[in-house]
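Chemist: For reference, the structure I am asking about is given below.
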Amino acid sequence: MREGGHLVSAQGAVREGAQAIDNLLHLLGSRRVGPKAIGRALIDVRDGCAGLSVAIGTLERELTDLLCAEEEASGIARSLLQKAVARVDLLSGELAAVKKVDVDARARLAVEVAVRRASSELDGILFLVDLLACAATPRLTQLDARDVLHGQAITPGRSSGPRMNAAGQAPERLSFVGDARLVGGLMLLSLSIVARASGGPPRVEASPLPDEQLEVRISGAPSPVEAGKGAPSEPSSVSELPAYAGAPEGAVVAQAVARLADIGLSIASSGQEIALVFGRTSAAGG
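What follows is the structure, given as structure tokens:
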């Protein structure tokens, strides 16, 4: 895959249009904003929907061109962005149905529901598309596992012979080569998939492997050790996690991105456990 000449500008145009929808949602949710201001913002977003659909179409062409050698990933990107266009077109029709410029209380509530739905669906779709775009234009660098895991402790590996420090313990610091955008995005997506499937807060275990890789296991239930001794730290609340997995393509995108980026990924059929193996690592310190 080659670098995308206009991919960044296409993404920027789409984000700008999506941000206008988010801004309208914010205005609708603020009771300090009067009906006239709401009416003007509504017209602006309604009129901007056509431009946003065009921008999404441009992004589709740029991204699928970059992924042309990867038929499956290209097809996923095309499907996601076509759904985004359909969502924007639907919102445009819903906003056009509001006849009054000065939106009354009842109409305002109906518009808020429609805009919130559109904003949520677009955010989820565009997050998945951005992951595919990152896989199409990777930027590899040395990453610190602590940053990726948000402070989660690195535990002894499940596989035999994990890399240990001089004291015979798993290293407190571990670095590996990868793309921070992809690693962070896959972590968030995996957490969201597990939380949605299990209905409970996901737990994370990270282990250094003997071949200088980092294994991360995300599950929706405590491990037997945690069940007996108690977890060392409280897992994130389900409500705090993004709803990216709400899109049916969540797991499909995760698998495609992992394959393109040479990241190991295994998702249980139930969706309640995910294992990731990130690139080459080296112990840092200890």
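Under this note's numbering, the residues of the sequence shown are numbered -15 to 270, in order. Here a beta-carbon is modelled for each residue, glycine too, at the ideal position from N, C-alpha and C. These numbers were taken from a predicted model, which means no experiment stands behind them.
1. Which word fits E55, buried or exposed, when buried means at least 16 other C-beta atoms lie within 10 angstroms of its C-beta?
2. Of all the beta strand (DSSP E) runs that stay within the bounds of the stretch 82 to 131, which reach a length of 3 or more residues?
3. Can the beta-carbon of I5 be found closer than 8 angstroms to that of L106?
4. Which partner residues of L260 appear in the DSSP bridge assignment?
5. Alpha carbons only, please: which of S58, L110 and K83 is nearest the one belonging to V72?
6. Taking V17 as part of the alpha helix (DSSP H), name the residues at either end of that continuous run.
7. Would you check if the stretch 92 to 105 and the stretch 39 to 56 touch, i.e. whether three or more CB-CB distances between them fall below 8 angstroms?
8. May I ask you to report which of helix, strand or coil DSSP gives S143?
9. Just tell me which of I27, G162 and N7 has its CA closest to the CA of A332.
10. If you measure from the CB of F111, is any heavy atom of the ligand NAP nearer than 7 angstroms?
11. In three-state DSSP terms, what is G270?
12. Could you please give the first and the last residue of the uninterrupted alpha helix (DSSP H) stretch that includes G59?
13. Could you check if T48 is buried or exposed, using at least 16 other CB atoms within 10 Å of its CB as the buried criterion?
14. For S176, which three-state DSSP category applies?
15. Helix, strand or coil: how does DSSP classify L51 here?
16. Using a Cβ-Cβ cut-off of 7 angstroms (strictly less than) and excluding sequence neighbours within five positions of A181, which residues of its own chain qualify?
17. Would you list the one or two residues that DSSP bridges to E189?
18. Compare the Cα-Cα distances from L170 to each of A98, G183 and S250 and report the closest residue.
19. State the Cα-Cα distance for the pair A61 and S176, rounded to the nearest angstrom.
20. Spatial neighbours of Q126 within its chain, please: C-beta separation below 7 angstroms, excluding the five flanking residues on both sides.
21. When you compare only the Cα positions, how much space is there between G248 and L133?
22. What would DSSP say about A(-3), mapped onto helix, strand or coil?
23. What separation, rounded to the nearest whole angstrom, lies between the Cα atoms of L193 and G59?
24. Measuring CA to CA, which of K84, A238 and D86 is closest to V113?
25. Rounded to whole angstroms, what is the Cα-Cα separation between G168 and A245?
26. Quick one: what does DSSP say S254 is sitting in, helix, strand or coil?
27. Would a C-beta distance cut-off of 8 angstroms place S76 and R30 closer than the cut-off?
28. Shortest alpha-carbon distance to R243 belongs to which of L26, S14 and L115?
29. Starting from L158, trace the beta strand (DSSP E) both ways and give me its first and last residue.
30. Could you check the C-alpha separation between A190 and T121 for me, to the nearest Å?
Modeler: Taking the geometry as given:
1. Residue 55 sits at position 71 when you count from the first residue of the sequence shown. By the neighbour-count rule (16 or more Cβ atoms within 10 Å), E55 is not buried but exposed.
2. 125 to 128
3. Translated into the one-based positions of the sequence shown, residue 5 becomes position 21. Translated into the one-based positions of the sequence shown, residue 106 becomes position 122. Going by C-beta atoms, I5 is nearer than 8 angstroms to L106.
4. Walking along the sequence shown from the start, residue 260 turns up at place 276. Looking at the DSSP assignment, L260 forms a beta bridge with V200 and L249.
5. Walking along the sequence shown from the start, residue 72 turns up at place 88. Minimum Cα distance to V72 is reached at L110.
6. For the purposes of this step, residue 17 is taken as the residue at position 33 of the sequence shown. Looking at the DSSP string, V17 is not in any alpha helix (DSSP H), and its letter there is neither H nor E.
7. no
8. In the sequence shown, residue 143 corresponds to position 159, counting from 1. For S143, the predicted model reports a pLDDT of 48, less than 50, meaning its position is unreliable; a value from the coordinates is still stated below. DSSP places S143 in coil when its eight states are reduced to three.
9. With the chain represented from -15 up to 270, any question about residue 332 goes unanswered, as that position is not in the structure.
10. No copy of the ligand NAP occurs in the structure displayed, which carries no ligand at all.
11. As a first step, residue 270 must be located in the sequence shown, where it is residue number 286. At G270, the pLDDT of 34 sits below 50, so the modelled position is not reliable; the number obtained from the coordinates is stated separately. G270: coil per DSSP, three-state reduction.
12. If you number the sequence shown from 1, residue 59 lands on position 75. Residues E55 to A80.
13. For the purposes of this step, residue 48 is taken as the residue at position 64 of the sequence shown. By the neighbour-count rule (16 or more Cβ atoms within 10 Å), T48 is buried.
14. Taking the sequence shown and counting its residues from 1, the one referred to as residue 176 is at position 192. Helix, per DSSP.
15. Here residue 51 is taken as the residue at index 67 of the sequence shown, counted from 1. Reduced to three states, the DSSP call for L51 is coil.
16. Translated into positions along the sequence shown, residue 181 becomes position 197. The residues are G204, S254, G255 and Q256.
17. The residue given as residue 189 occupies position 205 in the sequence shown. In the DSSP output, where bridge partners are listed per residue, E189 has R201.
18. The residue you call residue 170 lines up with position 186 of the sequence shown. Here the closest residue by C-alpha is S250.
19. As a first step, residue 61 must be located in the sequence shown, where it is residue number 77. As a first step, residue 176 must be located in the sequence shown, where it is residue number 192. Near 20 angstroms, if we compare the C-alpha coordinates of S176 and A61.
20. Taking the sequence shown and counting its residues from 1, the one referred to as residue 126 is at position 142. Excluding residues within five positions, the ones whose Cβ falls inside 7 angstroms are S159 and V161.
21. As a first step, residue 248 must be located in the sequence shown, where it is residue number 264. As a first step, residue 133 must be located in the sequence shown, where it is residue number 149. Rounded to whole angstroms, G248 to L133 spans 16 angstroms at the Cα level.
22. If you number the sequence shown from 1, residue -3 lands on position 13. It is helical.
23. The residue you call residue 193 lines up with position 209 of the sequence shown. The residue you call residue 59 lines up with position 75 of the sequence shown. Approximately 34 angstroms between the Cα atoms of the pair.
24. Counting from 1 along the sequence shown, the entry for residue 113 is found at position 129. Of the listed residues, the one whose Cα sits closest to V113 is A238.
25. Within the sequence shown, the letter at position 184 stands for residue 168. Within the sequence shown, the letter at position 261 stands for residue 245. Whole-angstrom Cα-Cα distance: 13 angstroms.
26. Translated into the one-based positions of the sequence shown, residue 254 becomes position 270. Three-state DSSP puts S254 in coil, outside helix and strand.
27. As a first step, residue 76 must be located in the sequence shown, where it is residue number 92. As a first step, residue 30 must be located in the sequence shown, where it is residue number 46. Yes, Cβ-Cβ distance for S76 and R30 is below 8 angstroms.
28. As a first step, residue 243 must be located in the sequence shown, where it is residue number 259. Closest option to R243, Cα to Cα, is L115.
29. Stepping through the sequence shown from its first residue, residue 158 is reached at position 174. Taken as a continuous stretch (DSSP letters only), the beta strand (DSSP E) holding L158 covers L158 to G162.
30. Here residue 190 refers to the residue found at position 206 of the sequence shown. Here residue 121 refers to the residue found at position 137 of the sequence shown. Spanning the two alpha carbons is a distance of roughly 27 angstroms.
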